[in-house]
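To start, the structure itself, in C-alpha coordinates.
Shown next as C-alpha coordinates:
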(Lines of atoms letter the chains of each structure in order from A and count residues from 1; the text may use other names and numbers.)
(Lines give C-alpha, C1' and ligand atoms only; values in the text may rest on other atoms or scores of the structure.)
Protein backbone atom coordinates (compact mmCIF):
# COMPACT_ATOMS: atom_id res chain seq x y z
CA UNK A 1 0.00 0.00 0.00
CA UNK A 2 1.14 3.46 -0.77
CA UNK A 3 1.85 5.56 2.26
CA UNK A 4 0.29 9.00 2.10
CA UNK A 5 2.42 11.88 3.33
CA UNK A 6 0.61 14.67 5.16
CA UNK A 7 0.42 17.96 3.29
CA UNK A 8 2.25 20.87 4.96
CA UNK A 9 1.54 24.56 4.46
CA UNK A 10 4.31 26.65 2.89
CA UNK A 11 6.33 28.74 5.31
CA UNK A 12 4.94 32.27 5.74
CA UNK A 13 6.69 35.04 3.87
CA UNK A 14 8.09 38.17 5.48
CA UNK A 15 5.16 40.24 4.16
CA UNK A 16 2.67 37.82 5.72
CA UNK A 17 4.44 38.00 9.08
CA UNK A 18 4.47 41.79 8.99
CA UNK A 19 0.77 41.90 8.11
CA UNK A 20 -0.16 39.52 10.95
CA UNK A 21 2.00 41.38 13.47
CA UNK A 22 0.52 44.71 12.36
CA UNK A 23 -3.02 43.40 12.72
CA UNK A 24 -2.27 41.94 16.14
CA UNK A 25 -0.60 45.11 17.36
CA UNK A 26 -3.28 47.33 15.86
CA UNK A 27 -6.17 45.56 17.54
CA UNK A 28 -5.37 46.44 21.17
CA UNK A 29 -4.55 50.04 20.23
CA UNK A 30 -7.95 50.53 18.70
CA UNK A 31 -9.71 48.87 21.61
CA UNK A 32 -7.74 50.66 24.32
CA UNK A 33 -8.95 54.15 23.34
CA UNK A 34 -7.83 56.78 25.84
CA UNK A 35 -5.41 54.38 27.53
CA UNK A 36 -3.64 53.69 24.26
CA UNK A 37 -3.48 57.42 23.50
CA UNK A 38 -1.87 58.02 26.90
CA UNK A 39 0.61 55.18 26.46
CA UNK A 40 1.46 56.43 22.99
CA UNK A 41 2.72 59.78 24.26
CA UNK A 42 -0.44 61.77 23.71
CA UNK A 43 -0.20 63.84 26.92
CA UNK A 44 3.37 64.85 26.13
CA UNK A 45 2.32 65.97 22.63
CA UNK A 46 -0.56 67.95 24.10
CA UNK A 47 1.75 69.65 26.61
CA UNK A 48 4.09 70.75 23.82
CA UNK A 49 1.16 71.95 21.67
CA UNK A 50 -0.66 73.76 24.48
CA UNK A 51 1.38 77.02 24.37
CA UNK A 52 0.93 77.19 20.62
CA UNK A 53 -2.81 76.52 20.84
CA UNK A 54 -3.30 79.09 23.60
CA UNK A 55 -1.35 81.78 21.76
CA UNK A 56 -3.16 80.97 18.52
CA UNK A 57 -6.56 81.30 20.20
CA UNK A 58 -5.69 84.48 22.09
CA UNK A 59 -3.87 86.34 19.33
CA UNK A 60 -5.57 85.00 16.20
CA UNK A 61 -9.10 83.69 16.67
CA UNK A 62 -10.14 85.88 19.60
CA UNK A 63 -9.41 89.16 17.71
CA UNK A 64 -11.34 87.81 14.73
CA UNK A 65 -14.36 87.00 16.90
CA UNK A 66 -14.12 90.37 18.69
CA UNK A 67 -13.94 92.18 15.36
CA UNK A 68 -16.96 90.29 14.05
CA UNK A 69 -18.94 91.30 17.17
CA UNK A 70 -17.70 94.90 16.96
CA UNK A 71 -18.99 95.15 13.37
CA UNK A 72 -22.51 95.23 14.83
CA UNK A 73 -21.72 97.81 17.50
CA UNK A 74 -21.04 101.51 17.63
CA UNK A 75 -17.93 102.11 19.69
CA UNK A 76 -14.74 104.14 19.77
CA UNK A 77 -13.22 101.92 22.49
CA UNK A 78 -13.74 104.75 25.00
CA UNK A 79 -17.48 105.05 25.52
CA UNK A 80 -19.57 101.92 26.20
CA UNK A 81 -20.40 99.95 23.08
CA UNK A 82 -23.89 100.33 21.67
CA UNK A 83 -25.51 97.54 19.67
CA UNK A 84 -26.60 98.97 16.29
CA UNK A 85 -27.20 95.87 14.19
CA UNK A 86 -26.56 96.44 10.48
CA UNK A 87 -26.20 100.22 10.72
CA UNK A 88 -22.42 100.05 10.34
CA UNK A 89 -22.76 98.14 7.09
CA UNK A 90 -25.30 100.68 5.83
CA UNK A 91 -22.93 103.52 6.75
CA UNK A 92 -20.05 101.92 4.86
CA UNK A 93 -22.13 101.11 1.78
CA UNK A 94 -23.45 104.68 1.61
CA UNK A 95 -19.98 106.24 1.84
CA UNK A 96 -19.04 107.78 -1.56
CA UNK A 97 -15.39 106.99 -0.86
CA UNK A 98 -16.11 103.25 -0.86
CA UNK A 99 -16.54 103.09 -4.63
CA UNK A 100 -13.35 105.09 -5.13
CA UNK A 101 -11.43 102.84 -2.75
CA UNK A 102 -12.71 99.67 -4.44
CA UNK A 103 -11.84 100.93 -7.92
CA UNK A 104 -8.40 102.05 -6.77
CA UNK A 105 -7.79 98.66 -5.17
CA UNK A 106 -8.83 96.87 -8.36
CA UNK A 107 -6.60 99.19 -10.39
CA UNK A 108 -3.68 98.45 -8.06
CA UNK A 109 -4.34 94.70 -8.32
CA UNK A 110 -4.41 94.84 -12.13
CA UNK A 111 -1.18 96.81 -12.35
CA UNK A 112 0.45 94.53 -9.77
CA UNK A 113 -0.50 91.46 -11.81
CA UNK A 114 0.88 92.98 -15.00
CA UNK A 115 4.17 94.03 -13.39
CA UNK A 116 4.61 91.99 -10.24
CA UNK A 117 3.41 88.56 -11.37
CA UNK A 118 5.59 87.79 -14.42
CA UNK A 119 8.73 89.68 -13.34
CA UNK A 120 9.67 87.30 -10.47
CA UNK A 121 9.23 84.29 -12.75
CA UNK A 122 11.42 85.83 -15.45
CA UNK A 123 14.08 86.77 -12.90
CA UNK A 124 14.01 83.27 -11.36
CA UNK A 125 14.39 81.60 -14.78
CA UNK A 126 17.30 83.85 -15.70
CA UNK A 127 18.97 83.19 -12.36
CA UNK A 128 18.48 79.44 -12.78
CA UNK A 129 20.43 79.63 -16.05
CA UNK A 130 23.41 81.20 -14.29
CA UNK A 131 26.11 78.68 -13.47
CA UNK A 132 28.24 80.79 -11.15
CA UNK A 133 27.29 83.28 -8.46
CA UNK A 134 23.69 82.10 -8.11
CA UNK A 135 23.82 82.54 -4.34
CA UNK A 136 24.94 86.15 -4.73
CA UNK A 137 22.15 86.90 -7.18
CA UNK A 138 19.61 85.25 -4.89
CA UNK A 139 20.78 87.43 -2.00
CA UNK A 140 20.57 90.57 -4.15
CA UNK A 141 17.07 89.62 -5.32
CA UNK A 142 15.91 89.10 -1.73
CA UNK A 143 17.62 92.23 -0.39
CA UNK A 144 14.60 94.59 -0.90
CA UNK A 145 12.44 92.29 1.23
CA UNK A 146 14.59 92.81 4.33
CA UNK A 147 14.79 96.59 3.85
CA UNK A 148 12.42 98.26 6.37
CA UNK A 149 9.34 99.56 4.53
CA UNK A 150 9.76 103.09 5.89
CA UNK A 151 13.36 103.21 4.68
CA UNK A 152 12.33 101.89 1.28
CA UNK A 153 9.50 104.42 1.02
CA UNK A 154 11.78 107.33 1.90
CA UNK A 155 14.31 106.12 -0.64
CA UNK A 156 11.73 105.85 -3.41
CA UNK A 157 10.18 109.21 -2.54
CA UNK A 158 13.63 110.65 -3.13
CA UNK A 159 13.76 108.80 -6.47
CA UNK A 160 10.29 110.12 -7.34
CA UNK A 161 11.33 113.75 -6.94
CA UNK A 162 9.20 115.66 -9.46
CA UNK A 163 11.92 118.20 -10.25
CA UNK A 164 14.04 117.77 -13.39
CA UNK A 165 16.95 116.83 -11.12
CA UNK A 166 15.09 113.89 -9.59
CA UNK A 167 16.65 110.45 -10.03
CA UNK A 168 13.94 108.95 -12.24
CA UNK A 169 13.38 112.20 -14.13
CA UNK A 170 17.10 112.39 -14.82
CA UNK A 171 17.08 108.84 -16.19
CA UNK A 172 14.10 109.35 -18.49
CA UNK A 173 15.57 112.71 -19.48
CA UNK A 174 18.41 110.86 -21.17
CA UNK A 175 15.80 109.57 -23.63
CA UNK A 176 14.16 112.96 -24.13
CA UNK A 177 11.21 112.25 -21.79
CA UNK A 178 9.81 113.98 -18.73
CA UNK A 179 10.01 115.37 -16.24
CA UNK A 180 7.04 113.54 -14.74
CA UNK A 181 5.19 114.49 -11.53
CA UNK A 182 5.14 110.83 -10.38
CA UNK A 183 3.43 110.92 -6.96
CA UNK A 184 1.91 114.37 -7.42
CA UNK A 185 -0.31 113.48 -10.40
CA UNK A 186 -3.41 111.24 -10.04
CA UNK A 187 -2.60 109.63 -13.40
CA UNK A 188 0.90 108.48 -12.39
CA UNK A 189 0.54 108.10 -8.61
CA UNK A 190 -0.87 104.55 -8.61
CA UNK A 191 1.62 103.14 -11.18
CA UNK A 192 4.40 104.69 -9.10
CA UNK A 193 3.08 102.99 -5.95
CA UNK A 194 2.83 99.66 -7.80
CA UNK A 195 6.42 99.97 -9.01
CA UNK A 196 7.63 100.45 -5.45
CA UNK A 197 5.46 97.56 -4.17
CA UNK A 198 6.83 95.26 -6.88
CA UNK A 199 10.41 96.16 -5.99
CA UNK A 200 9.86 95.57 -2.28
CA UNK A 201 7.98 92.24 -2.51
CA UNK A 202 9.23 90.44 -5.63
CA UNK A 203 12.23 88.92 -3.87
CA UNK A 204 10.14 86.45 -1.86
CA UNK A 205 8.40 85.16 -4.98
CA UNK A 206 11.74 84.86 -6.79
CA UNK A 207 13.04 82.57 -4.04
CA UNK A 208 9.86 80.46 -4.22
CA UNK A 209 10.23 80.04 -7.97
CA UNK A 210 13.93 79.19 -7.65
CA UNK A 211 13.08 76.47 -5.14
CA UNK A 212 10.36 75.12 -7.44
CA UNK A 213 12.68 75.11 -10.45
CA UNK A 214 14.97 72.67 -8.64
CA UNK A 215 12.21 70.06 -8.85
CA UNK A 216 11.95 70.28 -12.65
CA UNK A 217 13.63 67.26 -14.24
CA UNK A 218 16.76 68.30 -16.22
CA UNK A 219 15.90 65.67 -18.83
CA UNK A 220 12.96 67.81 -19.95
CA UNK A 221 15.25 70.74 -20.72
CA UNK A 222 17.72 68.43 -22.45
CA UNK A 223 14.95 67.05 -24.66
CA UNK A 224 13.81 70.61 -25.45
CA UNK A 225 17.35 71.58 -26.43
CA UNK A 226 17.59 68.57 -28.71
CA UNK A 227 14.41 69.79 -30.41
CA UNK A 228 16.09 73.17 -30.90
CA UNK A 229 14.08 75.11 -28.31
CA UNK A 230 15.51 78.40 -27.10
CA UNK A 231 15.31 79.84 -23.58
CA UNK A 232 11.82 81.30 -23.89
CA UNK A 233 10.38 78.25 -25.63
CA UNK A 234 11.76 76.08 -22.81
CA UNK A 235 10.14 78.43 -20.32
CA UNK A 236 6.76 78.27 -22.05
CA UNK A 237 6.69 74.53 -22.86
CA UNK A 238 8.65 73.11 -19.90
CA UNK A 239 8.96 75.51 -16.98
CA UNK A 240 5.43 76.92 -16.90
CA UNK A 241 3.66 73.52 -17.12
CA UNK A 242 5.93 72.07 -14.42
CA UNK A 243 5.34 75.04 -12.12
CA UNK A 244 1.61 75.13 -12.70
CA UNK A 245 0.65 74.39 -9.09
CA UNK A 246 3.10 76.94 -7.69
CA UNK A 247 1.92 79.58 -10.16
CA UNK A 248 -1.69 79.06 -9.15
CA UNK A 249 -0.87 79.44 -5.46
CA UNK A 250 1.26 82.56 -5.96
CA UNK A 251 -1.50 84.03 -8.13
CA UNK A 252 -4.16 83.75 -5.44
CA UNK A 253 -1.72 84.96 -2.78
CA UNK A 254 -0.96 88.02 -4.87
CA UNK A 255 -4.65 88.74 -5.39
CA UNK A 256 -5.27 88.52 -1.64
CA UNK A 257 -2.19 90.66 -0.92
CA UNK A 258 -3.12 93.37 -3.41
CA UNK A 259 -6.68 93.48 -2.08
CA UNK A 260 -5.20 94.32 1.33
CA UNK A 261 -2.65 96.87 0.16
CA UNK A 262 -2.09 99.60 2.70
CA UNK A 263 1.53 100.23 3.55
CA UNK A 264 2.78 101.40 0.16
CA UNK A 265 0.13 104.07 -0.58
CA UNK A 266 0.09 105.12 3.08
CA UNK A 267 3.84 105.78 3.12
CA UNK A 268 4.18 107.28 -0.35
CA UNK A 269 0.99 109.28 -0.95
CA UNK A 270 -1.27 108.95 2.15
CA UNK A 271 -4.12 108.18 -0.25
CA UNK A 272 -3.62 111.23 -2.44
CA UNK A 273 -3.53 113.10 -4.63
CA UNK A 274 -7.29 113.62 -4.82
CA UNK A 275 -7.92 110.14 -3.32
CA UNK A 276 -6.33 108.53 -6.39
CA UNK A 277 -4.47 106.00 -4.21
CA UNK A 278 -7.13 105.55 -1.52
CA UNK A 279 -7.53 101.77 -1.09
CA UNK A 280 -10.00 99.70 0.90
CA UNK A 281 -7.59 99.17 3.79
CA UNK A 282 -6.76 102.88 3.84
CA UNK A 283 -10.47 103.58 4.12
CA UNK A 284 -10.65 101.16 7.05
CA UNK A 285 -7.75 103.02 8.64
CA UNK A 286 -9.57 106.31 8.04
CA UNK A 287 -12.68 105.02 9.81
CA UNK A 288 -10.74 103.74 12.80
CA UNK A 289 -8.24 106.58 13.30
CA UNK A 290 -9.86 109.62 11.74
CA UNK A 291 -9.54 111.67 14.94
CA UNK A 292 -7.49 111.65 18.12
CA UNK A 293 -10.47 110.76 20.31
CA UNK A 294 -11.03 107.47 18.55
CA UNK A 295 -12.74 106.76 15.28
CA UNK A 296 -15.72 104.67 14.33
CA UNK A 297 -14.36 101.19 14.99
CA UNK A 298 -17.72 99.65 14.22
CA UNK A 299 -17.65 100.92 10.64
CA UNK A 300 -13.99 99.94 10.31
CA UNK A 301 -14.61 96.36 11.43
CA UNK A 302 -17.75 96.16 9.28
CA UNK A 303 -15.74 97.02 6.17
CA UNK A 304 -13.01 94.61 7.27
CA UNK A 305 -15.57 91.84 7.63
CA UNK A 306 -17.00 92.59 4.19
CA UNK A 307 -13.52 92.46 2.66
CA UNK A 308 -12.76 89.15 4.39
CA UNK A 309 -15.99 87.60 3.13
CA UNK A 310 -15.34 88.75 -0.45
CA UNK A 311 -11.79 87.35 -0.39
CA UNK A 312 -12.98 84.06 1.11
CA UNK A 313 -15.64 83.64 -1.58
CA UNK A 314 -13.18 84.55 -4.32
CA UNK A 315 -10.59 82.09 -2.98
CA UNK A 316 -13.12 79.26 -2.74
CA UNK A 317 -14.37 79.84 -6.29
CA UNK A 318 -10.81 80.16 -7.59
CA UNK A 319 -9.62 76.89 -6.06
CA UNK A 320 -12.81 75.18 -7.20
CA UNK A 321 -12.31 76.26 -10.81
CA UNK A 322 -8.57 75.49 -10.91
CA UNK A 323 -8.58 72.24 -8.91
CA UNK A 324 -8.67 69.90 -11.90
CA UNK A 325 -6.41 72.08 -14.05
CA UNK A 326 -3.72 72.29 -11.38
CA UNK A 327 -3.43 68.51 -11.02
CA UNK A 328 -3.99 67.37 -14.62
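In our numbering, the protein residues as written are 3 to 330. Even for Gly, the Cβ is constructed at its ideal location relative to N, Cα and C.
Taking 8 Å as the cut-off, the beta carbon of residue 121 is found closer than this to the beta carbon of residue 204. Within the same chain, Cβ atoms closer than 8 Å to the Cβ of residue 218 are found at 240, 241, 244, 245, the five residues on either side in sequence being excluded. Our two residues, residue 196 and residue 137, have alpha carbons roughly 27 Å apart in a direct line. Your pair residue 215 and residue 126 checks out as a contact, with CB atoms roughly 6 Å apart and the cut at 8 Å. Residue 190 and residue 129 have their alpha carbons spaced roughly 31 Å apart. Three or more Cβ pairs closer than 8 Å define a contact, and the region 305 to 312 meets that threshold against the region 272 to 286. For residue 133, there is no enclosing alpha helix (DSSP H), as DSSP marks it with neither H nor E. The closest CA to that of residue 280, considering only 324, 104, 238, is found on 104. Here residue 176 carries a coil assignment [DSSP, helix/strand/coil].
Within its own chain, the residues whose Cβ lies closer than 6 Å to the Cβ of residue 111, once the five positions on either side in sequence are excluded, are 260, listed in chain order.
Under DSSP, residue 76 takes part in a beta bridge, and its partners are 84. For residue 46, the enclosing alpha helix (DSSP H) covers residues 44 to 58. With fewer than 16 neighbouring CB atoms inside 10 Å of its own CB, residue 230 falls in the exposed class. Taking the Cβ atoms as the reference, residue 166 lies roughly 7 Å from residue 175, within the contact range of under 8 Å.
DSSP places residue 107 within a helical segment (H, G or I) once states are collapsed to three. Non-local C-beta neighbours of residue 237 in its own chain, meaning closer than 7 Å and more than five positions away in sequence, comprise 127, ordered along the chain. Annotated three-state conformation of residue 228 is helix, per DSSP. DSSP, read as helix, strand or coil, puts residue 96 in coil. Per DSSP, reduced to three states, the secondary structure at residue 262 is coil, with no helix or strand assignment. At the C-beta level, residue 326 and residue 106 stay beyond 8 Å of one another. For residue 272, the three-state secondary structure derived from DSSP is coil.
By a beta-carbon distance limit of 8 Å, residue 94 contacts residue 301. Their separation comes to about 6 Å. The three-state reading of DSSP puts residue 187 in coil, since its state is none of H, G, I, E or B. In this chain, residue 63 is not harboured by any alpha helix (DSSP H), its DSSP state being neither H nor E.
Out of 221, 148, 170, the CA that lies nearest to the CA of residue 202 is found in 148.
In the three-state reduction of the DSSP assignment, residue 168 falls in the coil class, being assigned neither a helical nor a strand state.
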